[in-house]
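Residue numbers (UniProt numbering): 1 to 175.
We treat Cβ as the ideally placed atom computed from N, Cα and C, and that holds for glycine.
The structure under discussion appears below in the form of structure tokens.
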């Protein structure tokens with residue numbers, strides 16, 4: 001039992017930050033992202049004995065995160081606005097780069113303006129680098145839904161953030 005817990009703790013230390021980044025992109029809120037990761041890791045722990053043998057622990061945790069978030073999106077909506085933001089990143093000299101901060105904030109605001117499903121598709125396809133088929137399987141929808149949501153999301157992002165017009169989809173390649 002001790003070795004199992006040690007392996008799980010090592011997994012959590014190694015992958016929590018990456019899971020948190022994905023969760024933040026899905027939720028748009030640091031606290032909700034932390035809750036999402038915590039719940040996904042709790043479920044991963046319950047399945048740990050079979051996951052550690054197959055080496056699929058991170059895939060299981062990510063899939064659990066996406067399914068939990070889809071469940072949240074399907075619930076009745078109650079508008080909640082939380083004022084907190086992440087601290088601003090520093091440039092390589094330890095100073096704020098106003099231009100990159102403004103660009104990041106613009107992109108974050110644009111991502112938050114997408115529908116929940118569109119945001120999930122963008123995160124899966126372009127942040128997590130999943131294929132259309134993998135994204136469809138993760139979200140439990142058809143590949144055509146992924147293609148439609150991707151197209152609509154990118155159109156909206158390009159409209160809100162014109163600098164993204166150079167960003168092209170790789171349609172037809174499955175990536």
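Apart from the five residues just before and just after residue i, which ones in its own chain have a Cβ nearer than 6 angstroms to its Cβ?
i, result
"residue 37", "19, 20 and 23"
The alpha helix (DSSP H) with residue i in it runs from where to where?
i, result
"residue 11", "2-27"
"residue 45", "30-46"
"residue 138", "132-139"
"residue 121", "116-122"
Report, in whole angstroms, the separation of the C-beta atoms of residue i and residue j, which I expect to be a contact under 8 angstroms.
i, j, result
"residue 111", "residue 119", "6 angstroms"
Regarding residue i and the ligand ZN, is the C-beta to nearest heavy atom distance less than 7 angstroms?
i, result
"residue 140", "No copy of the ligand ZN appears in this structure; indeed no ligand is present at all."
Within a Cβ cutoff of 7 angstroms, which residues of the same chain sit near residue i, ignoring the five residues on either side of it in sequence?
i, result
"residue 149", "117, 118 and 121"
"residue 107", "161"
"residue 152", "118"
- Message: With a threshold of 8 angstroms, are at least 3 pairs of Cβ atoms found where one atom belongs to the segment 116-133 and the other to the segment 41-59?
- Response: No: the two stretches stay apart, fewer than three of their Cβ pairs being nearer than 8 angstroms.
- Flag this pair as touching only if the segment 35-50 and the segment 4-17 have three or more C-beta atom pairs under 8 angstroms; answer yes or no. With the rule of 3 Cβ pairs closer than 8 angstroms, the segment 35-50 counts as touching the segment 4-17.
- Query: Just checking, does the segment 133-147 make contact with the segment 62-72 on the three C-beta pairs under 8 angstroms criterion?
  - Reply: With three or more CB-CB distances shorter than 8 angstroms, the segment 133-147 counts as touching the segment 62-72.
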